[in-house]
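Everything on this sheet refers to the single structure shown next.
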Amino acid sequence: MLLEIDNITLLYGRIQALHGISLEVDQGEIVALIGANGAGKTTTMRAVSGLRPIASGAIRFAGQDITRMRPDLRVVRGISQSPEGRGIFPGMTVLENLEMGAYTRRDGAAIRQDLDRVFGLFPRLRERMRQPGGTLSGGEQQMLAVGRALMSRPKLMLLDEPSMGLAPMLIQQIFSIITEINQQGTTILLVEQNAQQALSRAHRAYVLETGQIVKSGTGSELLHDPAVKDAYLGVA
Amino acid sequence: MTAVENHQTAQAPPPVKATDRTVRGWLGRQPLPVRILVIVGFAILAYLLPYVGDVPVLGPQVVTQANDWGSVLFEISYFVLLAIGLNVVVGFAGLLDLGYVGFFAVGAYTVALLTSPDSNFGLKWVWLASVPVAIAVAMFSGLILGWPTLRLRGDYLAIVTLGFAEIIRIFADSAPLLRGDRGFGSIPHPPGNNPDGTAIFSVRDATPYYWLGLSIIILVILAVRNLDRSRVGRSWLAIREDEEAAEIMGVRTIKFKLWAFAIGACVAGLGGVMFAGYQGFMNSSTFVLQFSILVLAGVVMGGSGNIAGAILGGVLIAYVPERLRGIEVFGQDLFQWRFLMFGVIIILIMIFRPQGVIPSRRRAMELKDRAKEVAPE
Ligand SMILES: Nc1ncnc2c1ncn2[C@@H]1O[C@H](COP(=O)(O)OP(=O)(O)OP(=O)(O)O)[C@@H](O)[C@H]1O
Ligand SMILES: [Mg+2]
Chain W
8 MLLEIDNITL
18 LYGRIQALHG
28 ISLEVDQGEI
38 VALIGANGAG
48 KTTTMRAVSG
58 LRPIASGAIR
68 FAGQDITRMR
78 PDLRVVRGIS
88 QSPEGRGIFP
98 GMTVLENLEM
108 GAYTRRDGAA
118 IRQDLDRVFG
128 LFPRLRERMR
138 QPGGTLSGGE
148 QQMLAVGRAL
158 MSRPKLMLLD
168 EPSMGLAPML
178 IQQIFSIITE
188 INQQGTTILL
198 VEQNAQQALS
208 RAHRAYVLET
218 GQIVKSGTGS
228 ELLHDPAVKD
238 AYLGVA
Chain S
5 MTAVENHQTA
15 QAPPPVKATD
25 RTVRGWLGRQ
35 PLPVRILVIV
45 GFAILAYLLP
55 YVGDVPVLGP
65 QVVTQANDWG
75 SVLFEISYFV
85 LLAIGLNVVV
95 GFAGLLDLGY
105 VGFFAVGAYT
115 VALLTSPDSN
125 FGLKWVWLAS
135 VPVAIAVAMF
145 SGLILGWPTL
155 RLRGDYLAIV
165 TLGFAEIIRI
175 FADSAPLLRG
185 DRGFGSIPHP
195 PGNNPDGTAI
205 FSVRDATPYY
215 WLGLSIIILV
225 ILAVRNLDRS
235 RVGRSWLAIR
245 EDEEAAEIMG
255 VRTIKFKLWA
265 FAIGACVAGL
275 GGVMFAGYQG
285 FMNSSTFVLQ
295 FSILVLAGVV
305 MGGSGNIAGA
315 ILGGVLIAYV
325 PERLRGIEVF
335 GQDLFQWRFL
345 MFGVIIILIM
355 IFRPQGVIPS
365 RRRAMELKDR
375 AKEVAPE
């Protein structure tokens, strides 16, 4: 297992956001995490990247216990995140934003290769290279957030709602790029409101409800599960 | 290969040049010789400022009427120094520090304790020997205050730092060691003699203090500018623009915030050291909270995040009130109206130019971005 989340709980002050979540992501997989608003999807991501300490449980990454590891060291170990709401640095150019993605790296030549790779995946970003991040459209910012997360050469990418605010056309494209990144060897944990797309792209998926995992299975199993259809796919 | 594209552009993008890959202001976009010329020119003019009164027609308009021009220039110089230091904290790292005057006081009091014959320590060091100690103590107090508080964000940090300045003031008022309003006298001046054997730094002429202050400012600017362009500066920028995103990128946010705080404290301490060496006397009423707010107002007015803006802000807050002193309108000295006028000026600037008079280009982007968050589309 690349990532093992073992029965974690997490508190925001007195509010308990996660009530003992366990999930696993294997090397090479796309795993989707779906659930209603406020279910705890973003919180789970934040626990994995270390933005928020967990109250109990354990997180292991590539065989190592990272439960109490500093966030920057988790980046070095190979976890990167494209956060909810994109988290673009508005006053930095597109190029500088991408360079921030490689913040923990010192291998200049390889960084340049990865820049080319990102520009290959998102040609639009190359055109906008010198434009401040704050002036990009929402869709372009989303591409930048995903591209930036690639710049640390992660083993595992955490993508929090990469399709948020995108036009249907762009949603298709961003999901096929995610699949492509995965096929190039990066493992992906994907949080999505767009359950239809997420489940059809993911190898496996978990359903989160009020801080607990209530269901898991392969993407297509959940896609055809009546309860999931009812609650998340909006089809009768 | 999949690609997100609305329209096809076949031509290869122009190569990245070092000069245009980042968001820069006007000066930053000029060729190097022009930049050097502009900066050296400004520095020379600054050194010549004590003689500006001799310039026909214009000169007498510039110099202050009521107070000696040399003293006013010195006052401007330490305000500018404070503004440059506060700009590191507020402008670069984006930390709202309302207790900045506290570090100024720490620097000045350390000098007083080490040098003044009134001090209980009885050390009577010379001024120069106390300088490194005072700077170190100010920096250390910055670290001590920053360590527990920098986990806080925005408003909370502002309140804690405000409290810090008050603690220092109350301490200065009531701790026997700091002698309350009796204060410390006979603090020695900086060293050095003129060719004729008289001391360069004396109570007779403030101009040498101004030149000293100006030289310190230039050194501090060079240091701060280099920091800003380094990895440290990039980390500050990331923290200021989006702290959580910075953390996700692997920036050690607490560490860099602490650095900004300590460097700011260090510069403020240096201001206190200069002040003590010039004044020769200080007591608990020397350091008022308004002082912090005034310097902050200067930084924001001038253009937070931009060194040139901070300098302009420092000049404004120190020069304008002094220039107005002695001018009477309806039987009132305009000096008394300075805070009201600053209030009005700040409101006007915030309405018409929220990024400051000489803004940082990046800051302007950040403000736009925030406005978007408040009122999407
Ligand atoms: N900083 C915080 N302080 C207090 N409570 C929080 C905080 N962040 C999240 N929560 C609470 O934790 C719960 C889980 O939130 P989380 O952001 O993980 O939901 P989510 O599944 O990502 O929802 P969405 O689909 O709307 O993004 C919610 O009830 C939320 O109100
Ligand atoms: Mg969320």
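Protein chains in written order, with the numbering used here: chain W, 8 to 243; chain S, 5 to 381. No residue lacks a Cβ here, since even glycine has one placed at the ideal position from N, Cα and C. Only a predicted model underlies this, so the values are computations on that prediction, with no experimental measurement involved.
By the neighbour-count criterion, in which a residue is buried when 16 or more other Cβ atoms sit within 10 angstroms of its Cβ, Trp-240(S) is buried.
Residues of chain W with a Cβ closer than 9 Å to the Cβ of Asp-232(S) do not exist; the shortest Cβ-Cβ separation is about 13 Å. Interface with chain S (8 Å Cβ-Cβ cutoff): Gly-98(W) is included. Inclusion of Arg-67(W) and Glu-106(W) in the CB contact set at 8 Å is not warranted, their separation being larger than that value.
Interface annotation for the region 63-88 of chain W against chain S: Arg-77, Pro-78, Asp-79, Leu-80, Arg-81, Val-82, Val-83, Ser-87 and Gln-88, criterion Cβ-Cβ distance under 9 Å. Judged by DSSP in its simplified three-state form, Tyr-19(W) adopts strand. Put simply, the CB of Val-137(S) is far from chain W, with every gap to its CB atoms at 8 Å or more.
In this structure, the alpha-carbon of Gly-74(S) lies about 28 Å from that of Asp-122(S).
Around the Cβ of Val-84(S), a 10 Å sphere holds 16 or more other Cβ atoms; the residue is buried.
Taking C-alpha positions only, Trp-151(S) is separated from Leu-262(S) by approximately 7 Å. Chain-ordered, the chain S residues with CB closer than 7 Å to the CB of Met-107(W) read Ala-242 and Met-253. Below 8 Å, too few C-beta pairs join the region 49-66 of chain W and the region 220-235 of chain W to call them touching: fewer than three. Cβ proximity to chain S below 8 Å picks out Glu-187 from the region 186-214 of chain W. Taking C-beta atoms under 8 Å as the contact rule, Arg-173(S) and Phe-265(S) fail to qualify, at a distance of about 19 Å.
Judged by DSSP in its simplified three-state form, Pro-54(S) adopts helix. Shown here, Met-158(W) sits in coil according to DSSP, grouped into three states, outside any helix or strand. By the CB criterion at 8 Å, Val-303(S) and Asn-71(S) fall outside the cutoff.
Between ligand 2 and Thr-49(W), a heavy atom-to-CB distance of less than 7 Å is present. Closer than 7 Å to some heavy atom of ligand 2: that does not describe the Cβ of Glu-199(W).
In this structure, Asp-72(W) has its beta carbon at no less than 7 Å from each heavy atom of ligand 2. Runs of alpha helix (DSSP H) with 4 or more residues, each lying fully within the region 224-264 of chain S, are found at 235-245 and 247-253, listed in chain order. Taking Val-105(S) as reference, the option from Ala-249(S), Val-236(S) and Ser-145(S) with the minimal CA-CA separation is Ser-145(S).
Membership of Gly-64(W) in the beta strand (DSSP E) is indicated by the continuous run 63-68. Under the criterion of beta carbons closer than 8 Å, Ile-184(W) and Leu-166(W) do not qualify as touching, at roughly 11 Å. The three-state reading of DSSP puts Pro-180(S) in helix, counting H, G and I together. According to the DSSP assignment, Met-164(W) belongs to the beta strand (DSSP E) that extends over 163-167. For the options Met-164(W), Ser-207(W), Asn-44(W) and Ile-73(W), the alpha carbon positioned closest to that of Gln-191(W) is the one of Met-164(W). Residue pairing by DSSP leaves Phe-295(S) without any beta bridge partner. Residues of the same chain with a CB within less than 8 Å of the CB of Glu-187(W), apart from the 5 flanking positions on each side, are Leu-128 in chain order.
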